[in-house]
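Q: The structure is given below, and queries will be raised subsequently.
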Amino acid sequence: MEFITGFTPELTVKSPGRINLIGEHTDYNLGYVLPTAIENQITFKLRKNGSVNKCNLYSLTYNTGFTLDLNKISRSEIEWENYILGVLNEISKLTDGVKGFDCTLESNLPTGSGLSSSAALECGLAFGLNELFGLGLSKMDMVKLSQIAEHTYVGTQCGIMDQFASVMSKEGHVILLDCKSLEYDYVPIDIRPYRIILLNTKVSHNLASSEYNTRKQECQEGVDIIKQKHPEISSLRDVTLDMLMPFKAEMSQTVFNRCSFIIEENERVLAMTEALKSDRLKEAGDLLYEAHGGISKLYEVSCPESDFLVDFSKGYDTVLGARQTGGGFGGCTLNLVHEAGIDEFVTAATKAYKNAFAIDLEAFEVRPSGGTSVVV
Ligand code: ADP
Ligand code: MG
Numbered sequence: 003m004e005f006i007t008g009f010t011p012e013l014t015v016k017s018p019g020r021i022n023l024i025g026e027h028t029d030y031n032l033g034y035v036l037p038t039a040i041e042n043q044i045t046f047k048l049r050k051n052g053s054v055n056k057c058n059l060y061s062l063t064y065n066t067g068f069t070l071d072l073n074k075i076s077r078s079e080i081e082w083e084n085y086i087l088g089v090l091n092e093i094s095k096l097t098d099g100v101k102g103f104d105c106t107l108e109s110n111l112p113t114g115s116g117l118s119s120s121a122a123l124e125c126g127l128a129f130g131l132n133e134l135f136g137l138g139l140s141k142m143d144m145v146k147l148s149q150i151a152e153h154t155y156v157g158t159q160c161g162i163m164d165q166f167a168s169v170m171s172k173e174g175h176v177i178l179l180d181c182k183s184l185e186y187d188y189v190p191i192d193i194r195p196y197r198i199i200l201l202n203t204k205v206s207h208n209l210a211s212s213e214y215n216t217r218k219q220e221c222q223e224g225v226d227i228i229k230q231k232h233p234e235i236s237s238l239r240d241v242t243l244d245m246l247m248p249f250k251a252e253m254s255q256t257v258f259n260r261c262s263f264i265i266e267e268n269e270r271v272l273a274m275t276e277a278l279k280s281d282r283l284k285e286a287g288d289l290l291y292e293a294h295g296g297i298s299k300l301y302e303v304s305c306p307e308s309d310f311l312v313d314f315s316k317g318y319d320t321v322l323g324a325r326q327t328g329g330g331f332g333g334c335t336l337n338l339v340h341e342a343g344i345d346e347f348v349t350a351a352t353k354a355y356k357n358a359f360a361i362d363l364e365a366f367e368v369r370p371s372g373g374t375s376v377v378v
């Protein structure tokens, strides 16, 4: 497929991954999240190829490509193709403006590491095709159609956070997003002299997609029970801990734990927002540790590797707080580290992690960055 990898593009688009400072698994419970895009991204090169239906796509990251016919879109056996096919399928419901195109994509965003390369892939393609063919889609159209593409073609019942962060982020800010109303606020994040350091566990336990869908069902089970006495609620977002407590005996311990975590995590997002606004960084760090406790013990989406790194960070005065970021079962931990202590902490964590798991840790700093955009 060499012919499509070397062309002169009409358009280059970059689509970022994201971190979520706090608010894990709250999006599909219609609560709050606090994400931002990062500098790591997927770069798309696109051109119209003059055909009516034929599209060529090539991932330079995976060194593989495929050709598709816009009139015959259906799910593929190959995972990454489904992100593309799902987006094309959703766009076709809104407009018939897409014609034949060639596209290559290249990434410096680790995949399956909780940084949402999947949303970067979906949103970058939607954004690029919108520009290339003048489709007239709004940014929210792109966010929503990308989310639905992941539900229908990939099979992960994700919330809206990842796609929203990839498209809507603003440099130097995190986004306080209300996943129920979709109202949002850009919250400036200036944590100097601390930095955001990601430690990539390099594990991505295969449970992620199936367990994700199970968590969603468990939360729904909780909502259904609470609803019997509180018909006004429609999601865990509308429930407080005081409302939950009387139902403890009616729920399995697992469902009760899942509900408690989501309710507390929503409160933590709002507390984190206030802490950032008033420079209470120690409190921000404590919230990260608290959140990880819930992720690990109540929501049970952590793993030994993430738990190890979060625990390890507690031995360093230069680290304010840490937690696993992203959907779970591995990926990256997010650490707030004093700039004077980064080298010492990363060196020690790398050594300890290698001793414990025989894996070479990958550490890198991320900065809150802007959303999907055209490269000029
Ligand atoms: P995450 O979103 O946390 O990175 P996911 O499992 O949700 O993890 O999505 C990762 C998947 O997205 C990959 O397995 C692959 O199918 C697709 N993907 C991401 N980046 C690329 C890329 N550069 N080329 C091809 N497919 C990609
Ligand atoms: Mg993903």
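The opening residue of the sequence shown carries number 3 in this note's numbering; numbering runs sequentially from there. Beta carbons: idealized from backbone N, C-alpha and C, even for Gly.
#1: Would Ser171 pass as a contact of Ser118 if the rule is Cβ separation under 8 Å?
#2: Between the alpha carbons of Tyr34 and Asp180, how many angstroms are there, rounded?
#3: Run the proximity test for Ser118: is its beta-carbon closer than 7 Å to any non-hydrogen atom belonging to ligand 1?
#4: Is it right to say Asn248 is buried, meaning 16 or more other beta carbons lie within 10 angstroms of its own, or is it exposed?
#5: By alpha-carbon positions, which one of Ser280, Thr106, Arg194 and Thr335 ends up nearest to Glu26?
#6: Relative to the alpha-carbon of Asp226, which residue among Cys261, Pro195 and Leu201 has its alpha-carbon at the smallest distance?
#7: Looking only at its chain, what residues have a beta carbon closer than 6 Å to the beta carbon of Thr45, apart from the 5 residues adjacent to it on each side?
#8: Mind checking which residues open and close the beta strand (DSSP E) that includes Tyr188?
#9: Any idea what DSSP makes of Leu347, helix, strand or coil?
#10: Compute every distance between the C-beta of Asp164 and the non-hydrogen atoms of ligand 2, then say whether any falls below 7 Å.
#11: I want to check one thing, is the minimum distance from the CB of Ala121 to the heavy atoms of ligand 2 below 7 Å?
#12: Under the rule that 16 or more other beta-carbon atoms within 10 Å means buried, what is Val376, buried or exposed?
#13: What first and last residue would you give for the beta strand (DSSP E) that runs through Arg325?
#14: Are Val368 and Ile24 touching if we call contact CB-CB under 8 Å?
#15: Kindly indicate which residue of Ile297, Leu127 and Thr38 has the alpha-carbon position closest to the one of Thr14.
#16: Tell me Arg260's beta-bridge partners as DSSP assigns them.
#17: Secondary structure at Gly67, three-state DSSP: helix, strand or coil?
#18: Is the CB-CB distance between Gly1 and Leu290 below 8 Å?
#19: Just confirm the distance between the C-beta atoms of Gly287 and Gly116, as a whole number of angstroms; I'd bet it's less than 8 Å.
#20: In angstroms with no decimal places, state the Cα-to-Cα distance between Met3 and Gly296.
#21: Asp313 lies in the beta strand (DSSP E); which residues open and close that run?
#22: Tell me the start and end of each unbroken alpha helix (DSSP H) in the region 138–198 that is at least 4 residues and wholly inside, in chain order.
#23: If you count every other CB in all the chains shown that lies within 10 Å of the CB of Lys250, and 16 or more means buried, which is it?
#24: Does the region 301–316 come into contact with the region 187–206, if we say contact requires no fewer than three beta-carbon pairs (one atom in each stretch) closer than 8 Å?
#25: Distance, Cα to Cα, Asn132 vs Thr7?
#26: Using 8 Å as the threshold, is the C-beta distance between Gln43 and Ala121 below it?
#27: Compare the Cα-Cα distances from Phe103 to each of Ser254, Gly52 and Glu124 and report the closest residue.
#28: In or out: Arg244 buried (at least 16 other Cβ within 10 Å) or exposed?
#29: Can you check the region 224–271 for any alpha helix (DSSP H) of at least 4 residues that lies completely inside it and give the ranges in chain order?
#30: Measure the Cβ-Cβ separation of Gly130 and Leu48 and say whether it is below 8 Å.
#31: With DSSP collapsed to three states, give me the class of Ala293.
A: Reading from the atomic positions:
#1: No; because the gap between Cβ atoms is not below 8 Å, this pair is not in contact.
#2: One C-alpha to the other measures close to 5 Å.
#3: Relative to the non-hydrogen atoms of ligand 1, the Cβ of Ser118 comes within a distance shorter than 7 Å of at least one.
#4: Note that residue 248 corresponds to Pro in the displayed sequence, not to Asn. Around the Cβ of Pro248, a 10 Å sphere holds fewer than 16 other Cβ atoms; the residue is exposed.
#5: Ranking Ser280, Thr106, Arg194 and Thr335 by Cα distance to Glu26 puts Thr335 first.
#6: Residue Cys261 is the option with its Cα nearest to Asp226.
#7: Counting only residues of its own chain and dropping the five nearest sequence neighbours on each side, Thr45 has a CB closer than 6 Å to the CB of Lys16 and Glu108.
#8: Annotation: the continuous beta strand (DSSP E) that includes Tyr188 extends over Tyr186 to Pro190.
#9: The residue asked about is misnamed: residue 347 is Phe in this sequence, not Leu. The answer is helix: DSSP assigns Phe347 an H, G or I state.
#10: Flag set: Cβ of Asp164 near ligand 2.
#11: In this structure, the C-beta of Ala121 approaches ligand 2 to less than 7 Å from one of its heavy atoms.
#12: Looking at its Cβ environment, which holds fewer than 16 other Cβ atoms inside 10 Å, Val376 is exposed.
#13: Start and end: Val321 to Gln326.
#14: Cβ atoms of Val368 and Ile24: not closer than 8 Å.
#15: Minimum Cα-Cα distance from Thr14 among the listed residues Ile297, Leu127 and Thr38 corresponds to Leu127.
#16: Answer is none; Arg260 lacks a bridge partner.
#17: In the three-state scheme derived from DSSP, where H, G and I count as helix and E and B as strand, Gly67 is classed as strand.
#18: Lying outside 3 to 378, the shown extent of the chain, residue 1 is not represented and no answer is given.
#19: The distance from the Cβ of Gly287 to that of Gly116 is about 19 Å, inconsistent with a contact at the 8 Å cut-off.
#20: For Met3, the pLDDT reaches just 46, beneath the cut-off of 50, and the residue's location in the model is therefore unreliable, leaving the point undetermined.
#21: Careful: Asp313 lies outside any beta strand (DSSP E), inside the alpha helix (DSSP H) at Pro306 to Ser315.
#22: Runs of the alpha helix (DSSP H) lying entirely within the region 138–198 and spanning at least 4 residues, in chain order: 141–151 and 163–170.
#23: It counts as exposed.
#24: Counting Cβ pairs under 8 Å, three or more are found: they touch.
#25: Rounded to whole angstroms, Asn132 and Thr7 show a C-alpha spacing of 21 Å.
#26: With a cutoff of 8 Å on beta-carbon distance, Gln43 and Ala121 are scored as not near each other.
#27: Phe103 has its Cα closest to that of Gly52, out of Ser254, Gly52 and Glu124.
#28: Here residue 244 turns out to be Asp, not Arg, going by the sequence shown. Label assigned to Asp244: exposed.
#29: Contiguous alpha helix (DSSP H) elements confined to the region 224–271 occur at 243–246, taking only those with 4 or more residues.
#30: At a Cβ-Cβ threshold of 8 Å, Gly130 and Leu48 count as neighbours.
#31: DSSP places Ala293 in helix when its eight states are reduced to three.
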